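First up is the structure itself, then whatever we jot down about it.
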Amino acid sequence: MFRLTYLGPALAVLLLAGPVGFGLAGTVLPAFGISPGFGGGSFGLHYFRELFAQPALFCSITLSLTSGLASAVLSLLIVMLFTAAFAGTATFRRMQHLLGPLLSLPHAAAALAIAFLVAPSGMIMRLISPELTGWERPPDLLIVHDPLALSMIGALVAKEVPFLLLMTLAALPQAPVERVRQLTGALGYGRVAGFIHGAWPGIYRQIRLPVFAVIAFASSNVEVALILGPTQPQTLAARLVTWMSDPDLSQRYLASAGALLQLGVTGLAFAIWLGLERLCAALRNKAACGGLRMRRDRAVQVVSLTAMILAAGAIFAGLAALAVWSFAGLWQFPDFLPGSFTLRNWMKALPRVVEPLGTTLTIGVASAFIAAILSVLCFVHEDRTGKRAGRGGQALIYLPLIVPQVTFIFGLQFLLVASGWLATLPALLFAHLVFVMPYAYLCLKDPWRSFDRRYEQVAAGLGKSPMTTLFRIRLPMMLRPLLVLFAIGFSVSVGLYLPTVLIGAGRLTTITSEAVALASGGNRRIIGVYAFFQMLLPVAGFAIATLVPALIFRRFRGMQV
């Protein structure tokens, strides 16, 4: 068993770096006209010339760049101000519990929830009409798919705020927040200013890679862009998927060239962000030297709390609207509730749900289970050697999250087509595992390293072997974090859209890929059914992670924590 632990880090490195490296190679070569698997072989730049000749390409690039940066800036600003204002308070703990369930929600489900809320015939318009607006029909307003991508940015912010808050929570114990607050308070600084000057620089250094992951996803996302993003033109990533899905193979070469352009756009977003970091640091230092203490920061506290409540409340309200639509009969505008409820929508959709639901469960359970095993092997090897992953290892863990999906998934699709493995269950499982593994490792890292090693020392003193200690002592005591890891890995797999569409090639579909495909059809009742399953599956995973340890260890108070 312990010889296998030496394979854990090697397999993890191969899983995290291999697909990204080979996928980028599979993207670069077709972009320059070299693709032996499709009969190509002549080097040239004609596909780049064709790419830059596409209409409104610069607009697509601008949309991708601005939406990615705006989402990251707003999400981080909300989390920073809220943490500065309320860290250590009951309000902070309540908001943490409120936002926690949103972590498991797929981006597509969050986008659908926002769409059902803000659409011209959505719940907000129904709530204020006709009493406040006089509208008896849905107004002719371009809210969803607006040209400035405001609705898309709003959905991205609402989804990324819980993620960045979780990362900040993990970093807070390593920052002396309370002592800094007492010291800065004694110097006359307000609660927010004292936190930003004293504690935030250290916290930000620890969450910097997650912030880059947010920028990478927001600037290259596909599912949210298809549901809420502009259509004339679309964002660059959404246009790439259209070209890649075209039956004309020449469009796939064009998509490969576009994928490299997307990589450059995301790289430009990173470069701009680095510049913003320096600018903000300089402004903070200038404010500190100028004596800006912000003693009266009540308005900042109210604004940050309001932003957090809106982020959570919008998604929860949209999800409630989705659930109601799935059971709605006749529902005319501006009625706030449907005139009748029926199971007809479910009876109509269930036969079509069975196959994608089966694929979703199979891939999700298998990828989470494999990622859990590899993570355990990595940490057991870490314990045996005493060597922890350095900065390079941390960057490697985030590699599949920082490199835009479209830039290497396209390449993987080319390679799988050439090898004959495209649209097979093992290939789809492998593609999902690439994205599940980073979350599994990060989820288990802190619980594993904080485990009290004295239990193992007592077992060793009683003559137990390391293998017996692992399976009889450590793993049973870590059942709760292992199940949480499984639930998070499963929810990540459920929410993956682009790997499913490209590697599944339309023959292997999941609940998420079907929900996004239906989003353009306008049948809200059927969309509500699929979105309900998107919500239900992650919730079921976290319910199991919560209830199973409570039942197994119900007679052991210390193991229920």
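Quick note, the sequence shown lines up with residues 0 to 560 if you use numbering that gives the first Met the number 0. For every residue, glycine included, the Cβ atom is placed at its ideal position computed from N, Cα and C. Keep in mind it's a predicted model, so treat the numbers as computed, not measured.
query: From the DSSP output, which residues share a beta bridge with Phe-340?; result: Ala-327
query: Note the first and the last residue of the continuous alpha helix (DSSP H) segment covering Tyr-252.; result: 248-288
query: Give the straight-line distance between the Cα atoms of Ile-526 and Leu-321, rounded to the nearest whole angstrom.; result: 8 angstroms
query: If you check the beta carbons only, do Leu-414 and Gly-32 fall under 8 angstroms apart?; result: no
query: List the whole-angstrom C-beta distance separating Leu-623 from Ser-512, where the pair is believed to meet the contact cut-off of C-beta under 8 angstroms.; result: The structure shown has nothing for residue 623, since the chain only spans 0 to 560.
query: Roughly how many angstroms separate the alpha carbons of Thr-361 and Gly-187, rounded to a whole number?; result: 58 angstroms
query: Using CA coordinates, which residue listed in Leu-23, Pro-548 and Ala-83 is at the minimum distance from Ala-298?; result: Ala-83
query: Tell me whether Tyr-203 is buried or exposed, calling it buried when 16 or more other Cβ atoms sit within 10 Å of its Cβ.; result: buried
query: Inspect the beta-carbon positions of Val-402 and Gln-261 and report whether they are closer than 8 angstroms.; result: no
query: To the nearest angstrom, how far is it from the Cα of Ile-77 to the Cα of Pro-161?; result: 10 angstroms
query: Just how far apart, CA to CA, sit His-144 and Leu-304?; result: 28 angstroms
query: Is the CB-CB distance between Phe-434 and Pro-399 below 8 angstroms?; result: yes
query: Put Glu-159 into one of helix, strand or coil per three-state DSSP.; result: helix
query: For Ala-571, which three-state DSSP category applies?; result: Summary: the structure shown does not reach residue 571, with the chain confined to residues 0 through 560, and so no result is reported for it.
query: Return helix, strand or coil for Ala-71, following the three-state DSSP convention.; result: helix
query: If you follow the alpha helix (DSSP H) that Trp-420 is in, where does it begin and where does it stop?; result: Here Trp-420 belongs to no alpha helix (DSSP H), and DSSP marks it neither H nor E.
query: Take Ser-120 and list the residues in its own chain whose beta-carbon comes closer than 7 angstroms to its own, dropping the five residues that flank it on each side.; result: Pro-137 and Phe-332
query: Tell me whether the beta-carbon of Ser-66 lies closer than 8 angstroms to the beta-carbon of Ala-212.; result: no
query: Tell me, please, whether the stretch 467-481 touches the stretch 518-538 by the rule of three or more beta-carbon pairs shorter than 8 angstroms.; result: no
query: How long is the line joining the alpha carbons of Ala-71 and Thr-230, rounded to whole angstroms?; result: 22 angstroms
query: Does the stretch 499-519 come into contact with the stretch 415-423, if we say contact requires no fewer than three beta-carbon pairs (one atom in each stretch) closer than 8 angstroms?; result: yes
query: Of all the alpha helix (DSSP H) runs that stay within the bounds of the stretch 384-472, which reach a length of 4 or more residues?; result: 390-401, 404-418, 424-448, 453-460 and 465-468
query: Residues in its own chain within less than 8 angstroms of Met-124 by CB, not counting five upstream and five downstream?; result: Ala-118, Thr-132, Trp-134, Pro-137, Pro-138, Phe-332 and Pro-333
query: Express the C-alpha separation of Glu-159 and Ile-314 in angstroms, rounding to a whole number.; result: 12 angstroms
query: Can you tell me which of the three DSSP states Arg-294 falls into?; result: coil
query: Give me, in chain order, the residues of the same chain whose beta-carbon lies closer than 6 angstroms to that of Pro-232; leave out the 5 immediate sequence neighbours on both sides.; result: Ala-55, Cys-58 and Ser-59
query: Which residue wins for smallest C-alpha separation from Tyr-496, given the options Leu-484, Ala-198, Ala-486 and Gln-533?; result: Gln-533
query: Would you give the residue range spanned by the alpha helix (DSSP H) that Arg-136 belongs to?; result: Per DSSP, Arg-136 belongs to no alpha helix (DSSP H) and is neither H nor E.
query: Is Phe-541 near Ser-103, with beta carbons less than 8 angstroms apart?; result: yes
query: Select from Tyr-440, Leu-469, Tyr-438 and Ala-256 the residue whose C-alpha is nearest the C-alpha of Arg-452.; result: Leu-469
query: Should Asp-296 be flagged as near chain B, meaning a C-beta pair shorter than 8 angstroms?; result: This model lacks chain B altogether; it includes just one protein chain.
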